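Numbering (the working numbering), first residue to last: 7 to 147.
Quick reminder that beta carbons are idealized off the backbone N, C-alpha and C, glycines included.
Note that the coordinates shown come from a computational prediction; the quantities given were computed from them, not determined experimentally.
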Amino acid sequence: MNDGFWLRIGAVWGFLAVAMGAFGAHGLKDRLTALDQTANFHTAAQYHMYIALALVAVGLLQAMGRSGTALSVAGWSFLIGSVIFSGSLYVLSLTGLKWLGAITPIGGVAILVGWAALAVAAGRSTTEVPVAASAGYSKEF
Numbered sequence: 007m008n009d010g011f012w013l014r015i016g017a018v019w020g021f022l023a024v025a026m027g028a029f030g031a032h033g034l035k036d037r038l039t040a041l042d043q044t045a046n047f048h049t050a051a052q053y054h055m056y057i058a059l060a061l062v063a064v065g066l067l068q069a070m071g072r073s074g075t076a077l078s079v080a081g082w083s084f085l086i087g088s089v090i091f092s093g094s095l096y097v098l099s100l101t102g103l104k105w106l107g108a109i110t111p112i113g114g115v116a117i118l119v120g121w122a123a124l125a126v127a128a129g130r131s132t133t134e135v136p137v138a139a140s141a142g143y144s145k146e147f
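Encoded structure:
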């Protein structure tokens, strides 16, 4: 997936995070207040945005030529973890189904795996080709 996949996913995830935050603050304000779930919805939107930024970071590392298992694990862990973590909190906030709180930590663990994998991927060196050499120029000008 070297075609900007993670950068696009991160951008879409950020868009959705802002949309959910705005919808929660304005369109769902009365419902969330009635269910006493405003804090949970806010946490879901906040972590949704954190993960959007993390996915953009994965995409930027990919664009810089980084690749490998660690970067792939980071991207997928962030995405799946966010769906489980923020998703369960969004649904809990809107429905009041308390049992959903039991699966939220699974998403949190996946997000932690994503951060650890991102640290590994960012720390790995890449084979860098100088710009002049890649353009067919010699070192002597």
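Rounded separation between MET26 and ASN46 - CA only: Within the sequence shown, numbered from 1, the residue matching residue 26 stands at position 20. Within the sequence shown, numbered from 1, the residue matching residue 46 stands at position 40. For MET26 and ASN46, the distance between alpha carbons rounds to 13 Å.
THR39 versus ALA23 - alpha carbon distance: As a position in the sequence shown, residue 39 is number 33, starting the count at 1. As a position in the sequence shown, residue 23 is number 17, starting the count at 1. Take the alpha-carbon of THR39 and the one of ALA23: they are about 20 Å apart.
Spatial distance of LEU160 from LYS35 (CA atoms): This structure cannot settle anything about residue 160, because the visible part of the chain is limited to 7 through 147.
N- and C-terminal bounds of the alpha helix (DSSP H) containing ILE112: Along the sequence shown, read from residue 1 onward, the residue named residue 112 stands at position 106. Here the alpha helix (DSSP H) through ILE112 covers 110-129.
Burial state of ALA116, where buried means 16 or more other Cβ atoms lie within 10 Å: Walking along the sequence shown from the start, residue 116 turns up at place 110. Of the other Cβ atoms in all chains shown, 16 or more fall within 10 Å of the Cβ of ALA116; this residue is therefore buried.
Exposed unless 16 or more other CB atoms sit within 10 angstroms - verdict on VAL18: Taking the sequence shown and counting its residues from 1, one reaches residue 18 at position 12. It counts as exposed.
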